[in-house]
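This report refers to the structure that appears directly beneath it.
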Amino acid sequence: MRRGFSVPNENDSFNIRVFKQVVPYLLEFRTRIIVAFGCLVLAKLASVYLPFVLKYTVDTLDQQQSVVLLGTIGLIAAYGVLRLANVVLSELRDMLFGRVTERAMRRISMKVFSHLQHLDLKFHLDRKTGGLARDIERGVSGISFVMRFFVFNIGPTLIELMLVIGILTSKYGAKYGLVIAASVVVYITFTVYVTNWRLKFIREANMADNRSNTRAVDSLLNFETVKYFNNEDHEIKEYDVELAAWEKARRKNRLSLFALNGGQALVIATAMTSMLLFAALDVEAGAMTLGDFVLVNAFMMQIFMPLNFLGFVYREIKGSLTNIENMFDLLKVETSVSRNADGKRLDVSHGAIAFENVTFGYAKERTILNNLSLNIKAGSKVAIVGPSGSGKSTLTKLLCRFYDVTNGEIKIDEQPISQLELDSLRKVIAVVPQDTVLFNASIFDNIHYGNLAATKEQVIAASEAANLKTFVESLKEGFDTHVGERGLKLSGGEKQRVAIARALLKDSPIMIFDEATSALDSHNEEAIMRTIKQVARHHTAIMIAHRLSTVTDADHIFYLEQGQLVEEGTHQQLLEKNGHYAALWRSQSQ
Ligand SMILES: Nc1ncnc2c1ncn2[C@@H]1O[C@H](COP(=O)(O)OP(=O)(O)OP(=O)(O)O)[C@@H](O)[C@H]1O
16 MRRGFSVPNE
26 NDSFNIRVFK
36 QVVPYLLEFR
46 TRIIVAFGCL
56 VLAKLASVYL
66 PFVLKYTVDT
76 LDQQQSVVLL
86 GTIGLIAAYG
96 VLRLANVVLS
106 ELRDMLFGRV
116 TERAMRRISM
126 KVFSHLQHLD
136 LKFHLDRKTG
146 GLARDIERGV
156 SGISFVMRFF
166 VFNIGPTLIE
176 LMLVIGILTS
186 KYGAKYGLVI
196 AASVVVYITF
206 TVYVTNWRLK
216 FIREANMADN
226 RSNTRAVDSL
236 LNFETVKYFN
246 NEDHEIKEYD
256 VELAAWEKAR
266 RKNRLSLFAL
276 NGGQALVIAT
286 AMTSMLLFAA
296 LDVEAGAMTL
306 GDFVLVNAFM
316 MQIFMPLNFL
326 GFVYREIKGS
336 LTNIENMFDL
346 LKVETSVSRN
356 ADGKRLDVSH
366 GAIAFENVTF
376 GYAKERTILN
386 NLSLNIKAGS
396 KVAIVGPSGS
406 GKSTLTKLLC
416 RFYDVTNGEI
426 KIDEQPISQL
436 ELDSLRKVIA
446 VVPQDTVLFN
456 ASIFDNIHYG
466 NLAATKEQVI
476 AASEAANLKT
486 FVESLKEGFD
496 THVGERGLKL
506 SGGEKQRVAI
516 ARALLKDSPI
526 MIFDEATSAL
536 DSHNEEAIMR
546 TIKQVARHHT
556 AIMIAHRLST
566 VTDADHIFYL
576 EQGQLVEEGT
586 HQQLLEKNGH
596 YAALWRSQSQ
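For the sequence shown, this note's numbering puts the final residue at 605, and the numbers step up evenly by one.
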């Protein structure tokens with residue numbers, strides 16, 4: 016898969032704020048930075064001195080006297096040594112500074128990643144994970160690029176430029192300095208202007224690239240659907256439409272690059288020709304030696320070569336600064352659910368849960384739970400039932416404080432959860448979610464994730480309780496079998512049992528099973544229900560279910576409709592009431 020290149024926005028600008036944010040991360044290795052700059056200065060001195068050695072060599076050769084031959088050899092040797100020193104010092108500088116950049120990249124990645132880990136569910140649901148990962152990746156490589164090119168390319172090139180203009184002006188007259196200064200100004204203005212003009216072509220190509228990528232990924236992810244409907248040819252055709260757009264955009268992009276490179280070459284060629292013409296005239300007039308002519312030529316090569324990269328560097332640095340800023344913007348996102356780091360830690364003695372007049376909506380304009388109150392006794396096994404979309408899973412999310420309620424209060428053992436330290440709250444609740452998603456790791460690791468301190472024996476025990484034993488034994492690699500991306504190599508029921516084992520291993524005082532047996536066959540379901548029954552003896556267990564037959568033995572059943580509690584009682588009491596629950600029971604029994 017091709018990877019898109021970074022494209023700056025229209026309103027990008029060299030942003031000093033970005034530098035300010037990066038600098039603190041660089042200061043860990045102050046000595047390294049100083050030594051790296053030392054190497055940079057020495058390398059530049061060597062490169063500025065090189066044309067002089069060339070000049071003296073040519074001049075001594077020009078004099079053609081035998082006594083000077085030894086001097087010539089010495090000069091040629093000095094030329095070699097200076098070149099070598101220049102390269103070695105530059106490499107040394109890169110090596111020293113590389114460590115500084117890598118450490119800064121690591122620290123920044125860690126900071127952003129840990130910030131993202133602590134952001135609320137809403138943020139993660141609203142963002143595309145792929146885009147988020149790209150933001151970090153682009154931001155971090157942006158830092159590396161800016162460090163490399165701004166600190167060691169643009170900055171030193173500008174310094175060298177000043178030095179050369181100064182040397183040429185003082186040695187040979189203002190016209191040399193002026194030609195270089197004027198051509199550099201024209202070159203930079205032209206580059207900046209044309210690069211900005213080109214951005215739209217680059218953006219177009221990049222967007223076409225993203226579209227074709229998205230199309231290909233979407234198609235490959237849905238390979239089963241494609242095959243069920245015999246739509247391979249349709250997919251190929253659609254992909255080609257996107258590729259054709261990409262090809263067209265790249266053509267425009269290439270033509271604009273040709274215009275940029277052509278214009279730059281014209282400026283450089285004009286400057287070099289006029290400089291050499293001035294120098295040739297000065298040699299003829301006796302104001303310059305042949306060596307001076309060579310020196311002027313060597314200086315120009317030295318100055319204009321790095322300028323050749325300027326268009327690329329300018330565009331990339333602009334893009335990098337935007338990417339770095341986007342990444343740092345992630346750090347500014349605040350979670351809407353406070354972690355209450357200094358709050359009281361939840362002390363669960365029994366595990367009684369109370370929803371008191373809870374009102375909640377994911378969005379302001381749509382209320383999901385409406386002034387809902389319900390009490391779950393400590394140590395009881397309760398069921399929450401009701402039509403799809405009535406708000407059953409939402410109760411779980413609110414209990415775990417993935418969201419805060421709009422009104423009302425949720426309490427565990429009389430302690431309002433909104434005031435508790437968040438980690439201590441989530442520690443006492445184990446959830447088997449409605450949709451099981453597994454890590455792309457082994458079955459063992461996926462179960463072990465429930466309690467990272469658990470022993471191997473405990474993991475095996477949990478998997479046995481979740482009726483996974485026979486399945487795992489049938490696999491060649493047993494517990495070490497990898498489950499594939501999002502657990503796709505397991506069947507729905509197997510995935511669900513891994514999730515149950517994981518929650519059992521966590522062994523929290525409050526256990527929530529959200530449609531935990533929906534993907535299981537009746538044999539497995541019976542086994543899991545026996546386990547849940549056992550678990551419920553020592554825990555407060557909440558079962559969310561569609562199939563009422565799985566919850567008939569619950570101590571208490573809550574029937575929800577449109578975010579409101581409409582009935583509650585035991586299975587028998589609710590049947591006698593002959594209301595919503597009884598109607599549902601009858602329809603399911605039929
Ligand atoms: N993250 C979300 N953002 C916006 N709306 C949501 C979100 N999650 C759920 N909803 C909406 O909230 C309502 C209640 O959802 P919830 O998952 O609690 O229902 P449920 O009773 O568990 O349904 P089911 O039995 O189908 O699982 C639904 O209408 C759903 O569309």
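Glycine included, C-beta positions come from ideal geometry on N, C-alpha and C.
Taking the alpha-carbon positions, what's the residue i to residue j distance?
i: Leu453; j: Ala514; result: 8 Å
i: Ile318; j: Gln132; result: 48 Å
i: Lys510; j: Ala456; result: 13 Å
i: Thr240; j: Asp233; result: 11 Å
i: Pro448; j: Ser478; result: 17 Å
i: Val22; j: Phe486; result: Model confidence at Val22 stands at a pLDDT of 41, short of 50, so the residue's coordinates are unreliable and nothing is read from them.
i: Gly502; j: Lys471; result: 21 Å
i: Asp362; j: Phe238; result: 49 Å
i: Ser129; j: Leu97; result: 47 Å
i: Arg108; j: Asp224; result: 36 Å
i: Val614; j: Ala302; result: In the structure as shown, the chain starts at 16 and stops at 605, and residue 614 therefore has no counterpart that could be examined.
i: Pro321; j: Val256; result: 40 Å
i: Lys70; j: Phe273; result: 36 Å
i: Val194; j: Gly278; result: 17 Å
i: Ser433; j: Ala597; result: 36 Å
i: Phe164; j: Arg118; result: 18 Å
i: Gly584; j: Lys548; result: 19 Å
i: Leu520; j: Phe327; result: 55 Å
i: Lys347; j: Leu134; result: 11 Å
i: Asp529; j: Ala445; result: 11 Å
i: Val420; j: Leu410; result: 10 Å
i: Asp150; j: Leu305; result: 55 Å
i: Ala367; j: Leu435; result: 16 Å
i: Leu535; j: Ala542; result: 10 Å
i: Val201; j: Leu281; result: 11 Å
i: Met15; j: Arg47; result: The question about residue 15 has no answer here: the residues shown for the chain are numbered 16 through 605.
i: Leu60; j: Val102; result: 12 Å
i: Gln605; j: Leu236; result: 39 Å
i: Tyr40; j: Leu111; result: 16 Å
i: Ile458; j: Leu387; result: 39 Å
Which partner residues of residue i appear in the DSSP bridge assignment?
i: Thr374; result: Asn422
i: Val446; result: Ile527
i: His497; result: Ser457
i: Ile399; result: Ile559, Phe573
i: Pro431; result: Lys426
i: Lys491; result: Note: Lys491 sits in no beta bridge, so no partner.
i: Arg381; result: Ala378
Identify the continuous alpha helix (DSSP H) that holds residue i and give its terminal residues.
i: Thr204; result: 189 to 236
i: Thr72; result: 45 to 78
i: Gly508; result: 507 to 521
i: Met544; result: 537 to 553
i: Leu414; result: 407 to 414
i: Ile475; result: 471 to 480
i: Gln605; result: Unbroken run through Gln605: none, as it is neither H nor E.
i: Val566; result: Looking at the DSSP string, Val566 is not in any alpha helix (DSSP H), and its letter there is neither H nor E.
i: Met315; result: 305 to 322
i: Lys35; result: 31 to 41
i: Lys137; result: 136 to 141
Quick one, are the C-beta atoms of residue i and residue j less than 8 Å apart?
i: Ile572; j: His586; result: yes
i: Thr2; j: Ser395; result: No information on residue 2 is available, as it lies outside the stretch 16 to 605 that the chain covers here.
i: Ala480; j: Thr565; result: no
i: Val161; j: Ile391; result: no
i: Ala294; j: Val311; result: yes
i: Val498; j: Asn461; result: yes
i: Tyr94; j: Val63; result: no
i: Asn466; j: Arg512; result: no
What residue range does the beta strand (DSSP E) around residue i cover?
i: Asn276; result: Premise fails: Asn276 lies in the alpha helix (DSSP H), 247 to 299, not in any beta strand (DSSP E).
i: Phe573; result: 571 to 576
i: Glu583; result: 579 to 584
i: Asn386; result: 384 to 391
Less than 7 Å separating the Cβ of residue i from some heavy atom of ligand 2?
i: His561; result: Looking for ligand 2 in the displayed structure turns up nothing; the ligands present are ligand 1.
contact_flag[the segment 337 to 352, the segment 412 to 425] where n(CB pairs < 8 Å) is 3 or more: yes
Quick check: the segment 166 to 177 against the segment 265 to 278, are there 3 or more CB pairs under 8 Å? no
With a cut-off of 8 Å, do at least 3 Cβ pairs link the segment 181 to 190 to the segment 363 to 379? no
Is it the case that the segment 384 to 404 contacts the segment 331 to 343, given that we only count it when at least three CB pairs across the two stretches are under 8 Å? no
Are three or more beta carbon pairs between the segment 50 to 60 and the segment 279 to 292 nearer than 8 Å? no
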